[in-house]
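Student: Taken in order, the sequence shown gives residues 1 to 438; the numbers are from the UniProt record's numbering.
All C-beta atoms in this analysis are idealised placements derived from N, C-alpha and C, irrespective of residue type, glycine included.
Keep in mind the model is a prediction, meaning the values are calculated, not measured.
The structure under discussion is supplied below as C-alpha coordinates; questions concerning it will follow.
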Amino acid sequence: MDALKDIDWVALGGKVLAAIAILVVTWIIAKIVAWAFKKLTSKIGVLQKAGSDGDSIGASLGSVAALLVWLFGLIALLQLFGLSQVLAPIQGLLDGILGFLPNLIGAIFVFIVGALLAKVVRQLVETALGALPWDRWLGDGARKASDTMDATVGVDPNRTRVSGQAPGTAPPGSAAATGASQGRQIVKVIGLVLYSMIMIVVAIAALQILGIRSISDPATDMLDMILAAIPKIIAAGILLAIGVFIARFAADLIGGIVDGVGLDRSLHSMDVLPADKSATPAITKIVQIGIVLFFAVMAAQMLDFPQITAFISEVLELGGKVIFGAAIIAAGFFIATTIAKLVSGAASQILKYATIALFVAIGLKFMGLADSIINLGFGAVVVGGAAAAALAFGLGGRDAAARQLERLQAQGGARAATTPTTPQTPPTTPPPPQTPGV
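Quick look at the structure:
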(Lines of atoms letter the chains of each structure in order from A; the text may use other names.)
(Lines give C-alpha, C1' and ligand atoms only; values in the text may rest on other atoms or scores of the structure.)
Protein backbone atom coordinates (compact mmCIF):
# COMPACT_ATOMS: atom_id res chain seq x y z
CA MET A 1 0.00 0.00 0.00
CA ASP A 2 2.91 2.33 0.69
CA ALA A 3 4.20 1.72 -2.83
CA LEU A 4 0.86 2.74 -4.27
CA LYS A 5 0.91 5.85 -2.15
CA ASP A 6 4.31 6.80 -3.53
CA ILE A 7 3.00 6.80 -7.12
CA ASP A 8 2.15 10.19 -8.56
CA TRP A 9 -1.21 9.29 -9.98
CA VAL A 10 -1.81 12.73 -11.36
CA ALA A 11 1.44 12.69 -13.35
CA LEU A 12 0.80 9.12 -14.48
CA GLY A 13 -2.70 10.00 -15.59
CA GLY A 14 -1.32 12.94 -17.53
CA LYS A 15 1.18 10.65 -19.28
CA VAL A 16 -1.55 8.14 -20.11
CA LEU A 17 -3.74 10.88 -21.53
CA ALA A 18 -0.77 12.25 -23.46
CA ALA A 19 0.00 8.75 -24.80
CA ILE A 20 -3.62 8.32 -25.90
CA ALA A 21 -3.51 11.72 -27.57
CA ILE A 22 -0.24 10.81 -29.35
CA LEU A 23 -1.76 7.57 -30.63
CA VAL A 24 -4.91 9.31 -31.84
CA VAL A 25 -2.98 12.09 -33.55
CA THR A 26 -0.59 9.57 -35.09
CA TRP A 27 -3.50 7.52 -36.41
CA ILE A 28 -5.16 10.61 -37.91
CA ILE A 29 -1.93 11.83 -39.51
CA ALA A 30 -1.18 8.35 -40.89
CA LYS A 31 -4.65 8.18 -42.47
CA ILE A 32 -4.25 11.64 -43.98
CA VAL A 33 -0.80 10.83 -45.36
CA ALA A 34 -2.00 7.53 -46.89
CA TRP A 35 -5.00 9.28 -48.48
CA ALA A 36 -2.82 12.11 -49.81
CA PHE A 37 -0.33 9.67 -51.36
CA LYS A 38 -3.16 7.74 -52.97
CA LYS A 39 -4.61 10.91 -54.50
CA LEU A 40 -1.26 12.21 -55.69
CA THR A 41 -0.14 8.95 -57.23
CA SER A 42 -3.48 8.47 -59.01
CA LYS A 43 -2.38 11.15 -61.50
CA ILE A 44 0.73 9.20 -62.49
CA GLY A 45 0.09 6.18 -64.68
CA VAL A 46 3.37 4.47 -63.85
CA LEU A 47 2.46 4.33 -60.14
CA GLN A 48 -0.88 2.68 -60.90
CA LYS A 49 0.69 -0.64 -61.85
CA ALA A 50 -0.14 -3.49 -59.50
CA GLY A 51 2.63 -5.01 -57.44
CA SER A 52 3.13 -8.59 -56.30
CA ASP A 53 0.65 -8.09 -53.42
CA GLY A 54 -2.08 -6.87 -55.77
CA ASP A 55 -1.94 -3.24 -54.59
CA SER A 56 -0.75 -0.43 -56.82
CA ILE A 57 2.67 1.14 -56.37
CA GLY A 58 1.05 4.38 -55.21
CA ALA A 59 -0.93 2.54 -52.53
CA SER A 60 2.23 0.79 -51.36
CA LEU A 61 4.03 4.14 -51.11
CA GLY A 62 1.10 5.51 -49.08
CA SER A 63 1.35 2.54 -46.70
CA VAL A 64 5.09 3.13 -46.29
CA ALA A 65 4.48 6.82 -45.52
CA ALA A 66 1.78 5.89 -42.97
CA LEU A 67 4.14 3.43 -41.29
CA LEU A 68 6.80 6.14 -41.05
CA VAL A 69 4.24 8.37 -39.33
CA TRP A 70 3.48 5.55 -36.89
CA LEU A 71 7.21 5.16 -36.28
CA PHE A 72 7.48 8.79 -35.29
CA GLY A 73 4.43 8.44 -33.04
CA LEU A 74 5.85 5.37 -31.30
CA ILE A 75 9.17 7.14 -30.72
CA ALA A 76 7.32 10.05 -29.15
CA LEU A 77 5.38 7.58 -27.02
CA LEU A 78 8.56 5.87 -25.82
CA GLN A 79 10.17 9.20 -25.05
CA LEU A 80 7.10 10.11 -23.00
CA PHE A 81 7.60 7.11 -20.73
CA GLY A 82 11.41 7.42 -20.65
CA LEU A 83 12.19 4.02 -22.20
CA SER A 84 15.67 5.03 -23.45
CA GLN A 85 17.02 1.48 -23.79
CA VAL A 86 14.23 0.51 -26.18
CA LEU A 87 14.37 3.89 -27.88
CA ALA A 88 18.10 3.81 -28.77
CA PRO A 89 17.99 1.37 -31.77
CA ILE A 90 14.75 2.86 -33.02
CA GLN A 91 16.26 6.34 -32.74
CA GLY A 92 19.26 5.18 -34.79
CA LEU A 93 16.95 3.75 -37.44
CA LEU A 94 14.97 6.96 -37.51
CA ASP A 95 18.10 9.07 -37.84
CA GLY A 96 19.18 6.99 -40.83
CA ILE A 97 15.77 7.34 -42.43
CA LEU A 98 15.68 11.07 -41.82
CA GLY A 99 19.18 11.43 -43.22
CA PHE A 100 18.24 9.51 -46.37
CA LEU A 101 14.78 11.03 -46.75
CA PRO A 102 15.92 14.33 -48.36
CA ASN A 103 17.91 12.41 -50.97
CA LEU A 104 14.93 10.18 -51.64
CA ILE A 105 12.57 13.13 -51.99
CA GLY A 106 15.04 14.91 -54.27
CA ALA A 107 15.50 11.81 -56.45
CA ILE A 108 11.75 11.32 -56.74
CA PHE A 109 11.27 14.98 -57.62
CA VAL A 110 14.00 14.86 -60.28
CA PHE A 111 12.61 11.65 -61.73
CA ILE A 112 9.04 12.99 -61.92
CA VAL A 113 10.12 16.29 -63.47
CA GLY A 114 12.39 14.48 -65.92
CA ALA A 115 9.61 12.09 -66.91
CA LEU A 116 7.28 15.01 -67.57
CA LEU A 117 9.98 16.77 -69.58
CA ALA A 118 10.70 13.64 -71.63
CA LYS A 119 6.99 13.19 -72.33
CA VAL A 120 6.62 16.82 -73.45
CA VAL A 121 9.69 16.57 -75.70
CA ARG A 122 8.42 13.34 -77.21
CA GLN A 123 5.00 14.82 -77.99
CA LEU A 124 6.59 17.99 -79.38
CA VAL A 125 8.94 16.07 -81.68
CA GLU A 126 6.23 13.68 -82.85
CA THR A 127 3.88 16.58 -83.58
CA ALA A 128 6.55 18.55 -85.47
CA LEU A 129 7.79 15.60 -87.50
CA GLY A 130 4.25 14.35 -88.12
CA ALA A 131 3.51 17.56 -90.02
CA LEU A 132 6.16 16.70 -92.64
CA PRO A 133 4.97 15.17 -95.97
CA TRP A 134 6.19 11.65 -95.28
CA ASP A 135 3.48 10.20 -97.53
CA ARG A 136 4.84 12.08 -100.53
CA TRP A 137 8.51 11.45 -99.79
CA LEU A 138 8.29 7.77 -98.91
CA GLY A 139 5.39 7.18 -101.30
CA ASP A 140 7.47 8.32 -104.26
CA GLY A 141 10.33 6.12 -103.11
CA ALA A 142 8.06 3.10 -102.74
CA ARG A 143 6.48 3.78 -106.13
CA LYS A 144 9.88 4.05 -107.82
CA ALA A 145 11.06 0.85 -106.13
CA SER A 146 7.91 -0.95 -107.25
CA ASP A 147 8.28 0.31 -110.83
CA THR A 148 11.94 -0.73 -110.84
CA MET A 149 11.10 -4.21 -109.63
CA ASP A 150 8.29 -4.51 -112.18
CA ALA A 151 10.60 -3.47 -114.99
CA THR A 152 13.24 -5.91 -113.80
CA VAL A 153 10.92 -8.91 -113.78
CA GLY A 154 9.03 -7.75 -116.86
CA VAL A 155 5.67 -7.00 -115.21
CA ASP A 156 3.39 -4.30 -116.54
CA PRO A 157 3.53 -1.37 -114.06
CA ASN A 158 -0.07 -0.43 -114.96
CA ARG A 159 -1.50 -3.70 -113.70
CA THR A 160 -2.72 -2.24 -110.39
CA ARG A 161 -4.39 0.85 -111.78
CA VAL A 162 -8.08 1.17 -111.28
CA SER A 163 -10.48 2.41 -113.87
CA GLY A 164 -10.06 6.10 -114.69
CA GLN A 165 -6.69 6.41 -112.99
CA ALA A 166 -4.09 8.44 -114.84
CA PRO A 167 -0.73 6.86 -115.68
CA GLY A 168 2.08 7.67 -113.29
CA THR A 169 -0.20 7.88 -110.23
CA ALA A 170 -0.38 5.35 -107.45
CA PRO A 171 -3.65 3.50 -106.81
CA PRO A 172 -5.51 4.48 -103.66
CA GLY A 173 -4.03 2.93 -100.55
CA SER A 174 -0.81 1.69 -102.17
CA ALA A 175 2.37 3.78 -102.31
CA ALA A 176 0.95 6.87 -100.60
CA ALA A 177 -0.60 4.83 -97.79
CA THR A 178 2.62 2.88 -97.41
CA GLY A 179 4.61 6.11 -97.24
CA ALA A 180 2.28 7.60 -94.63
CA SER A 181 2.44 4.44 -92.51
CA GLN A 182 6.24 4.33 -92.73
CA GLY A 183 6.37 8.03 -91.86
CA ARG A 184 4.32 7.48 -88.70
CA GLN A 185 6.58 4.63 -87.69
CA ILE A 186 9.70 6.74 -88.25
CA VAL A 187 8.23 9.59 -86.20
CA LYS A 188 7.34 7.21 -83.35
CA VAL A 189 10.83 5.69 -83.39
CA ILE A 190 12.49 9.12 -83.26
CA GLY A 191 10.21 10.22 -80.42
CA LEU A 192 10.86 7.00 -78.50
CA VAL A 193 14.64 7.37 -78.92
CA LEU A 194 14.57 10.94 -77.59
CA TYR A 195 12.29 9.90 -74.71
CA SER A 196 14.61 7.04 -73.80
CA MET A 197 17.70 9.24 -73.91
CA ILE A 198 16.13 11.84 -71.62
CA MET A 199 14.90 9.17 -69.20
CA ILE A 200 18.37 7.61 -69.07
CA VAL A 201 19.85 10.98 -68.13
CA VAL A 202 17.12 11.58 -65.54
CA ALA A 203 17.49 8.11 -64.02
CA ILE A 204 21.25 8.51 -63.67
CA ALA A 205 20.76 11.94 -62.07
CA ALA A 206 18.26 10.44 -59.61
CA LEU A 207 20.69 7.65 -58.73
CA GLN A 208 23.44 10.19 -58.14
CA ILE A 209 21.14 12.10 -55.77
CA LEU A 210 20.43 8.89 -53.89
CA GLY A 211 24.17 8.33 -53.55
CA ILE A 212 24.08 4.73 -54.82
CA ARG A 213 27.54 4.82 -56.44
CA SER A 214 27.63 1.14 -57.30
CA ILE A 215 24.82 1.79 -59.79
CA SER A 216 25.27 5.45 -60.67
CA ASP A 217 28.99 5.31 -61.56
CA PRO A 218 28.73 2.57 -64.27
CA ALA A 219 25.54 4.18 -65.56
CA THR A 220 27.29 7.56 -65.75
CA ASP A 221 30.18 6.02 -67.68
CA MET A 222 27.73 4.41 -70.08
CA LEU A 223 25.90 7.71 -70.55
CA ASP A 224 29.19 9.50 -71.22
CA MET A 225 30.00 6.96 -73.92
CA ILE A 226 26.55 7.39 -75.48
CA LEU A 227 26.75 11.18 -75.40
CA ALA A 228 30.24 11.08 -76.90
CA ALA A 229 29.01 8.80 -79.70
CA ILE A 230 25.96 10.93 -80.56
CA PRO A 231 27.90 13.48 -82.72
CA LYS A 232 29.58 10.63 -84.58
CA ILE A 233 26.24 8.90 -85.10
CA ILE A 234 24.68 12.11 -86.43
CA ALA A 235 27.64 12.72 -88.76
CA ALA A 236 27.52 9.13 -89.99
CA GLY A 237 23.78 9.40 -90.59
CA ILE A 238 24.25 12.63 -92.56
CA LEU A 239 27.03 11.02 -94.60
CA LEU A 240 24.87 7.98 -95.31
CA ALA A 241 21.95 10.22 -96.32
CA ILE A 242 24.25 12.08 -98.72
CA GLY A 243 25.33 8.72 -100.12
CA VAL A 244 21.72 7.69 -100.71
CA PHE A 245 21.03 11.01 -102.46
CA ILE A 246 24.13 10.65 -104.65
CA ALA A 247 23.19 7.02 -105.40
CA ARG A 248 19.73 8.06 -106.58
CA PHE A 249 21.15 10.88 -108.72
CA ALA A 250 23.83 8.61 -110.22
CA ALA A 251 21.28 5.86 -110.88
CA ASP A 252 18.98 8.28 -112.71
CA LEU A 253 21.93 9.66 -114.70
CA ILE A 254 23.25 6.22 -115.66
CA GLY A 255 19.73 5.03 -116.47
CA GLY A 256 19.31 7.94 -118.89
CA ILE A 257 22.69 7.25 -120.48
CA VAL A 258 21.94 3.53 -120.88
CA ASP A 259 18.56 4.31 -122.42
CA GLY A 260 20.19 6.89 -124.70
CA VAL A 261 22.83 4.54 -126.10
CA GLY A 262 20.20 1.87 -126.75
CA LEU A 263 21.69 -0.93 -124.68
CA ASP A 264 18.37 -2.75 -124.39
CA ARG A 265 17.84 -2.64 -128.16
CA SER A 266 21.31 -4.05 -128.73
CA LEU A 267 20.76 -6.84 -126.22
CA HIS A 268 17.37 -7.63 -127.75
CA SER A 269 18.80 -7.74 -131.27
CA MET A 270 21.56 -10.13 -130.18
CA ASP A 271 19.05 -12.37 -128.35
CA VAL A 272 21.00 -11.89 -125.11
CA LEU A 273 17.93 -10.44 -123.36
CA PRO A 274 14.26 -11.28 -123.98
CA ALA A 275 12.22 -8.64 -125.76
CA ASP A 276 9.99 -7.98 -122.72
CA LYS A 277 12.89 -7.44 -120.29
CA SER A 278 15.13 -4.43 -119.66
CA ALA A 279 18.65 -4.37 -118.28
CA THR A 280 18.49 -0.70 -117.25
CA PRO A 281 16.74 -1.20 -113.85
CA ALA A 282 19.21 -3.90 -112.84
CA ILE A 283 22.18 -1.72 -113.82
CA THR A 284 20.85 1.31 -111.94
CA LYS A 285 20.07 -0.79 -108.88
CA ILE A 286 23.60 -2.24 -108.87
CA VAL A 287 25.03 1.28 -109.10
CA GLN A 288 22.82 2.43 -106.21
CA ILE A 289 23.83 -0.49 -104.00
CA GLY A 290 27.51 0.00 -104.76
CA ILE A 291 27.46 3.73 -103.93
CA VAL A 292 25.45 3.19 -100.75
CA LEU A 293 27.85 0.45 -99.61
CA PHE A 294 30.80 2.74 -100.28
CA PHE A 295 29.29 5.48 -98.13
CA ALA A 296 28.33 2.87 -95.51
CA VAL A 297 32.01 1.94 -95.21
CA MET A 298 32.90 5.60 -94.69
CA ALA A 299 30.12 5.98 -92.10
CA ALA A 300 31.32 2.89 -90.22
CA GLN A 301 34.87 4.27 -90.22
CA MET A 302 33.53 7.54 -88.81
CA LEU A 303 31.76 5.61 -86.04
CA ASP A 304 35.05 3.86 -85.26
CA PHE A 305 33.52 0.39 -85.49
CA PRO A 306 36.32 -1.75 -86.99
CA GLN A 307 34.23 -4.92 -87.08
CA ILE A 308 31.42 -3.29 -89.05
CA THR A 309 33.93 -1.55 -91.32
CA ALA A 310 35.71 -4.82 -92.07
CA PHE A 311 32.42 -6.61 -92.72
CA ILE A 312 31.11 -3.97 -95.15
CA SER A 313 34.51 -3.79 -96.86
CA GLU A 314 34.44 -7.55 -97.40
CA VAL A 315 30.90 -7.31 -98.78
CA LEU A 316 31.93 -4.47 -101.10
CA GLU A 317 35.00 -6.35 -102.31
CA LEU A 318 33.03 -9.53 -102.92
CA GLY A 319 30.29 -7.53 -104.65
CA GLY A 320 32.85 -5.97 -106.99
CA LYS A 321 34.22 -9.38 -107.90
CA VAL A 322 30.72 -10.73 -108.49
CA ILE A 323 29.81 -7.75 -110.70
CA PHE A 324 32.95 -8.05 -112.82
CA GLY A 325 32.53 -11.81 -113.02
CA ALA A 326 28.95 -11.33 -114.17
CA ALA A 327 30.20 -8.80 -116.76
CA ILE A 328 32.67 -11.39 -118.06
CA ILE A 329 29.90 -13.98 -118.32
CA ALA A 330 27.65 -11.47 -120.10
CA ALA A 331 30.47 -10.67 -122.52
CA GLY A 332 30.86 -14.40 -123.08
CA PHE A 333 27.19 -14.68 -124.03
CA PHE A 334 27.63 -11.76 -126.45
CA ILE A 335 30.73 -13.29 -128.05
CA ALA A 336 29.10 -16.73 -128.22
CA THR A 337 26.02 -15.30 -129.96
CA THR A 338 28.21 -13.42 -132.44
CA ILE A 339 30.28 -16.53 -133.23
CA ALA A 340 27.14 -18.61 -133.67
CA LYS A 341 25.88 -16.12 -136.27
CA LEU A 342 29.16 -16.18 -138.19
CA VAL A 343 29.34 -20.00 -138.40
CA SER A 344 26.62 -22.14 -139.95
CA GLY A 345 25.60 -25.70 -139.30
CA ALA A 346 26.04 -27.80 -136.21
CA ALA A 347 29.42 -26.24 -135.54
CA SER A 348 27.74 -22.95 -134.63
CA GLN A 349 25.94 -24.46 -131.64
CA ILE A 350 29.07 -26.31 -130.54
CA LEU A 351 31.15 -23.13 -130.68
CA LYS A 352 28.38 -21.14 -128.97
CA TYR A 353 28.04 -23.40 -125.94
CA ALA A 354 31.78 -24.01 -125.73
CA THR A 355 32.38 -20.25 -125.64
CA ILE A 356 29.67 -19.81 -123.00
CA ALA A 357 31.18 -22.56 -120.86
CA LEU A 358 34.64 -21.01 -121.20
CA PHE A 359 33.50 -17.54 -120.16
CA VAL A 360 31.34 -18.92 -117.34
CA ALA A 361 34.39 -20.70 -115.96
CA ILE A 362 36.49 -17.52 -116.30
CA GLY A 363 33.78 -15.41 -114.65
CA LEU A 364 33.29 -17.80 -111.74
CA LYS A 365 37.03 -18.03 -111.23
CA PHE A 366 37.26 -14.23 -111.19
CA MET A 367 34.51 -14.16 -108.56
CA GLY A 368 36.64 -16.45 -106.42
CA LEU A 369 33.84 -18.96 -105.90
CA ALA A 370 35.44 -22.38 -105.33
CA ASP A 371 38.42 -22.11 -107.68
CA SER A 372 39.43 -25.75 -107.26
CA ILE A 373 35.93 -27.00 -108.07
CA ILE A 374 35.74 -24.78 -111.18
CA ASN A 375 39.17 -25.91 -112.40
CA LEU A 376 38.30 -29.54 -111.76
CA GLY A 377 34.93 -29.21 -113.49
CA PHE A 378 36.35 -27.41 -116.54
CA GLY A 379 39.17 -29.93 -116.83
CA ALA A 380 36.69 -32.79 -116.51
CA VAL A 381 34.60 -31.32 -119.34
CA VAL A 382 37.63 -30.96 -121.62
CA VAL A 383 38.97 -34.43 -120.81
CA GLY A 384 35.51 -35.94 -121.18
CA GLY A 385 35.07 -34.30 -124.58
CA ALA A 386 38.44 -35.57 -125.76
CA ALA A 387 37.73 -39.07 -124.46
CA ALA A 388 34.31 -39.06 -126.11
CA ALA A 389 35.84 -38.00 -129.42
CA ALA A 390 38.51 -40.69 -129.12
CA LEU A 391 35.99 -43.38 -128.29
CA ALA A 392 33.67 -42.28 -131.06
CA PHE A 393 36.46 -42.41 -133.61
CA GLY A 394 37.94 -45.61 -132.21
CA LEU A 395 34.74 -47.63 -131.87
CA GLY A 396 32.39 -46.18 -134.41
CA GLY A 397 35.00 -45.26 -137.04
CA ARG A 398 37.05 -48.43 -137.28
CA ASP A 399 35.83 -49.25 -140.78
CA ALA A 400 36.41 -45.72 -141.97
CA ALA A 401 39.87 -45.75 -140.42
CA ALA A 402 40.66 -49.10 -142.11
CA ARG A 403 39.54 -47.77 -145.49
CA GLN A 404 41.61 -44.66 -144.96
CA LEU A 405 44.67 -46.75 -144.12
CA GLU A 406 44.10 -48.99 -147.18
CA ARG A 407 43.76 -45.90 -149.35
CA LEU A 408 47.01 -44.55 -147.97
CA GLN A 409 48.75 -47.88 -148.55
CA ALA A 410 47.41 -48.09 -152.10
CA GLN A 411 48.59 -44.60 -152.85
CA GLY A 412 52.04 -45.49 -151.48
CA GLY A 413 52.25 -48.68 -153.60
CA ALA A 414 51.18 -46.89 -156.78
CA ARG A 415 53.75 -44.19 -156.20
CA ALA A 416 56.45 -46.83 -155.75
CA ALA A 417 55.41 -48.68 -158.94
CA THR A 418 55.51 -45.61 -161.18
CA THR A 419 58.95 -44.45 -160.05
CA PRO A 420 61.52 -44.91 -163.11
CA THR A 421 64.80 -46.91 -162.63
CA THR A 422 68.12 -45.34 -163.81
CA PRO A 423 70.80 -47.65 -165.48
CA GLN A 424 74.02 -48.15 -163.61
CA THR A 425 77.43 -47.62 -165.41
CA PRO A 426 80.31 -49.92 -164.54
CA PRO A 427 83.12 -48.29 -162.72
CA THR A 428 86.18 -47.40 -164.87
CA THR A 429 89.73 -48.23 -163.74
CA PRO A 430 92.52 -45.78 -164.50
CA PRO A 431 95.39 -47.02 -166.81
CA PRO A 432 98.58 -48.17 -165.14
CA PRO A 433 101.30 -45.59 -164.93
CA GLN A 434 104.11 -45.82 -167.52
CA THR A 435 107.73 -46.18 -166.48
CA PRO A 436 110.02 -43.54 -168.03
CA GLY A 437 112.76 -44.84 -170.29
CA VAL A 438 111.05 -48.07 -171.31
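Is it the case that the Cβ atoms of Gly363 and Ala414 are separated by a distance below 9 Å?
Tutor: As a working mapping, residue 363 is identified with position 363 in the sequence shown. As a working mapping, residue 414 is identified with position 414 in the sequence shown. Against a cut-off of 9 Å, the Cβ pair of Ala414 and Gly363 comes out as no contact.
Student: Below 9 Å between beta carbons: does that hold for Ile22 and Gly73?
Tutor: One-based indexing of the sequence shown puts residue 22 at position 22. One-based indexing of the sequence shown puts residue 73 at position 73. Against a cut-off of 9 Å, the Cβ pair of Gly73 and Ile22 comes out as a contact.
Student: May I have the straight-line CA-CA distance separating Ala361 from Ile339, to the nearest angstrom?
Tutor: Walking along the sequence shown from the start, residue 361 turns up at place 361. Walking along the sequence shown from the start, residue 339 turns up at place 339. Roughly 18 Å separates the two Cα atoms.
Student: Return yes when the Cβ of Leu267 is within less than 9 Å of the Cβ of Ala282, no when it is not.
Tutor: Residue numbering aside, residue 282 sits at position 282 when the sequence shown is read from its first letter. Residue numbering aside, residue 267 sits at position 267 when the sequence shown is read from its first letter. Contact flag unset, no.
Student: List the endpoints of the continuous alpha helix (DSSP H) containing Phe305.
Tutor: The sequence position of residue 305 within the sequence shown is 305, counting from 1. Unbroken run through Phe305: none, as it is neither H nor E.
Student: In whole angstroms, give me the CA-to-CA distance for Met298 and Ser216.
Tutor: Taking the first residue of the sequence shown as position 1, residue 298 is located at position 298. Taking the first residue of the sequence shown as position 1, residue 216 is located at position 216. When rounded, the distance between both Cα atoms is 35 Å.
Student: Could you tell me which of Gln91, Met222 and Gln79 sits nearest to Met197, measuring between CA atoms?
Tutor: As a first step, residue 197 must be located in the sequence shown, where it is residue number 197. The option with the nearest alpha carbon to Met197 is Met222.
Student: Could you say if the stretch 25–43 and the stretch 59–78 meet the contact criterion of at least three C-beta pairs nearer than 8 Å?
Tutor: They touch, by the three-pair rule.
Student: Ile339: beta carbon under 8 Å from a heavy atom of the ligand HEM?
Tutor: Ligands are entirely absent from the displayed structure, and the ligand HEM is therefore not among its contents.
Student: Short check: CB of Ile200 to CB of Ala219, under 9 Å?
Tutor: The residue labelled residue 200 in the question sits at position 200 within the sequence shown. The residue labelled residue 219 in the question sits at position 219 within the sequence shown. Yes, Cβ-Cβ distance for Ile200 and Ala219 is below 9 Å.
Student: Hey, is the stretch 119–126 in contact with the stretch 187–195, meaning 3+ C-beta pairs nearer than 8 Å?
Tutor: Touching, yes.
Student: Drop a sphere of 10 angstroms on the beta-carbon of Ile20, count the other beta-carbons inside from all chains shown, and report buried for 16 or more, exposed for fewer.
Tutor: To locate residue 20, count along the sequence shown from 1; it is residue 20. Exposed, since its Cβ has fewer than 16 Cβ neighbours within 10 Å.
Student: Residues in the same chain with beta-carbon distance under 8 Å from Leu207, minus the five sequence neighbours each way, listed in chain order, please.
Tutor: Locating residue 207 in the sequence shown gives position 207, counting from the first residue. For Leu207, where only same-chain residues beyond five positions count, the Cβ hits under 8 Å are Ala107, Ile215, Ser216 and Ala219.
Student: Buried or exposed: Ala331, going by 16 or more other Cβ atoms within 10 Å of its Cβ?
Tutor: Taking the sequence shown and counting its residues from 1, the one referred to as residue 331 is at position 331. When all chains shown are included, Ala331 counts as exposed.
Student: Pairs of beta-carbons, one from the stretch 310–329 and one from the stretch 235–251, closer than 8 Å: are there three or more?
Tutor: The stretch 310–329, when compared against the stretch 235–251, does not touch it at the 8 Å Cβ threshold.
Student: Can you tell me the Cα-Cα spacing of Thr26 and Leu210, whole angstroms?
Tutor: Position 26 of the sequence shown, counting from 1, holds the residue named residue 26. Position 210 of the sequence shown, counting from 1, holds the residue named residue 210. Computed Cα separation, rounded: 28 Å.
Student: Less than 8 Å between the CB atoms is what I'm expecting for Leu293 and Val261, so what's the real figure, rounded?
Tutor: As a working note, residue 293 is residue 293 in the sequence shown. As a working note, residue 261 is residue 261 in the sequence shown. Rounded, the Cβ-Cβ distance is 26 Å, inconsistent with contact.
Student: If you reduce the DSSP assignment to three classes, tell me which class Gly211 lands in.
Tutor: Taking the sequence shown and counting its residues from 1, one reaches residue 211 at position 211. Three-state result, Gly211: coil.
Student: Quick one: Cα of Phe311 to Cα of Ile233, how far?
Tutor: In the sequence shown, counting from the first residue as 1, residue 311 sits at position 311. In the sequence shown, counting from the first residue as 1, residue 233 sits at position 233. Whole-angstrom Cα-Cα distance: 18 Å.
Student: With H, G and I counted as helix, E and B as strand and the rest as coil, what does DSSP make of Lys277?
Tutor: By one-based count along the sequence shown, residue 277 stands at place 277. Three-state result, Lys277: coil.
Student: Count the other CB atoms within 10 Å of the CB of Lys31; is the residue buried (16 or more) or exposed (fewer)?
Tutor: For the purposes of this step, residue 31 is taken as the residue at position 31 of the sequence shown. Classification of Lys31: exposed, given that the 10 Å Cβ count is below 16.
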